[in-house]
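Trainee: If you read the sequence shown in the numbering used here, its first letter stands for residue 5, the second for the next number, and so on.
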Amino acid sequence: MIDSALERVPDDPWRIDTRGMLLSGRAEVRFPSTPESAADGFLVCMADAALVSIVGRPPGALIRDTIDDLEGDVNVLCQPADAPHVGAALAGWMRTLAILHALRSHPSWADDLEPETRIFHAADAPSLAHVPPVLRRELIDALRGRTTARFVPGALPDRDVPPPLEPMPIAASWSAGRPVSFCYPALRTESWWDVSIETLEAYQRQGHAARAVRAMARYMWRTGRAPVWGATVANIPSLSLARRLDFQEVGRVCVFTPPRDAG
Numbered sequence: 005m006i007d008s009a010l011e012r013v014p015d016d017p018w019r020i021d022t023r024g025m026l027l028s029g030r031a032e033v034r035f036p037s038t039p040e041s042a043a044d045g046f047l048v049c050m051a052d053a054a055l056v057s058i059v060g061r062p063p064g065a066l067i068r069d070t071i072d073d074l075e076g077d078v079n080v081l082c083q084p085a086d087a088p089h090v091g092a093a094l095a096g097w098m099r100t101l102a103i104l105h106a107l108r109s110h111p112s113w114a115d116d117l118e119p120e121t122r123i124f125h126a127a128d129a130p131s132l133a134h135v136p137p138v139l140r141r142e143l144i145d146a147l148r149g150r151t152t153a154r155f156v157p158g159a160l161p162d163r164d165v166p167p168p169l170e171p172m173p174i175a176a177s178w179s180a181g182r183p184v185s186f187c188y189p190a191l192r193t194e195s196w197w198d199v200s201i202e203t204l205e206a207y208q209r210q211g212h213a214a215r216a217v218r219a220m221a222r223y224m225w226r227t228g229r230a231p232v233w234g235a236t237v238a239n240i241p242s243l244s245l246a247r248r249l250d251f252q253e254v255g256r257v258c259v260f261t262p263p264r265d266a267g
C-alpha cells in the first residue's frame, strides 16, 4: 500500500508531510474498501505522532474511523482544495492554514561558515540536562527516530517506534558551551526535509535559530535535500524568520485539530 500511495504523492515541497510520512517507516496507509472509492483518495496515518494526512477525498466514514483509532491530540492535514470535504467529515473541528516555504534560489548565506554551531547524532549527543523537560524529550525522541512533525502542538501517545531508517542529525547553536537552539529534519523525502526549530526561551531573538537552521541546511544539502519551512498563519515569529532566511511561499496546507473541549 505504501508504494501505491507514493505513486500518487509526488516529491514536491508542498507535499513534504505526506510523502515524508510514507517514507518514514512509521506510517500506515488506509484506502477505501471499494476500488471506485480508492480512486477518490486515501489517508496516511502516523499513529505515534497523532498525525494524519488526507490525500484527495476519501469517504467521510473512513476519515472518522481512522481518527477514532488514534490517541493524542490529532493533527489532520489536507490540501486546501479538499478542505470542505474533510471539514464535513470532521464536524466541530478547528481549522487553520499553514504556509509552506522553500528556497527558490541559492541563498546568500549558503556558503558561509556558521560560528558556534555543531551537528550531532545519537552517538555523540551533548548533555541536554539544561533543556526544559518537554523539549529535552522531543530531542531525545527525534534522535531515536520519533520525530514530531506537527503544526499544532498537543499530547502524543506513549508508543515505541522503530529505529530511524537513516541516522537523525540535529544542528545546534551554542552559547557559553551549551546548545541553546536545535534544528532537525522532522520528515525527509528524496529531495526535501521538513524544518523543525526550537530555541530555549532565554536565548530567543538573538540569532540562534537562524544559525541552527543554516547549519542544518548546509548539512542536508550534502545529502541532496533542500529545506521546506512550514508554519501556521498565526505563527508570526516563524514566518518572519523564514522570510529573513530567503524562504518563499510554495504552497499551503489546511490543518484540522479537535475541539478544545473534546474528551
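Just so you know, even glycine gets a beta-carbon here, dropped at the ideal spot from N, CA and C.
(1) Between the beta-carbon of valine 13 and the beta-carbon of arginine 23, is there less than 8 Å?
(2) Specify the secondary structure class of glycine 64 as computed by DSSP and reduced to three states.
(3) Tell me the rounded alpha-carbon separation between alanine 106 and proline 231.
(4) Is it the case that the region 247 to 266 contacts the region 80 to 91, given that we only count it when at least three CB pairs across the two stretches are under 8 Å?
(5) Where does glutamate 253 sit, in a helix, a strand or coil, going by DSSP?
(6) Going by C-alpha distance, which of Leu169, Glu170, Arg148, Leu139 is nearest proline 157?
(7) From the DSSP output, which residues share a beta bridge with leucine 81?
(8) Can you tell me the Cα-Cα spacing of alanine 235 and leucine 104, whole angstroms?
(9) Is the beta carbon of tryptophan 197 closer than 8 Å to that of arginine 226?
(10) Cβ of tryptophan 97 within 7 Å of any heavy atom in the ligand HEM?
(11) May I have the straight-line CA-CA distance separating aspartate 52 from glutamine 252, to the nearest angstrom?
(12) Which of the three DSSP states, helix, strand or coil, is assigned to histidine 125?
(13) Might you give, ordered along the chain, the residues of its own chain that have their beta carbon closer than 6 Å to the beta carbon of alanine 146, omitting 5 neighbours on each side?
(14) Less than 8 Å between the beta carbons of isoleucine 58 and leucine 26, yes or no?
(15) Under the DSSP definition of a beta bridge, which residues are partnered with isoleucine 103?
(16) What number of angstroms, rounded off, separates the C-alpha of aspartate 128 from the C-alpha of glycine 149?
Mentor: Taking the structure as given:
(1) yes
(2) helix
(3) 6 Å
(4) yes
(5) strand
(6) Leu139
(7) Ser57, Val259
(8) 7 Å
(9) no
(10) Within the structure as shown, the ligand HEM is missing, as the structure has no ligands at all.
(11) 31 Å
(12) coil
(13) Met172, Tyr188
(14) no
(15) Ala235, Arg256
(16) 15 Å
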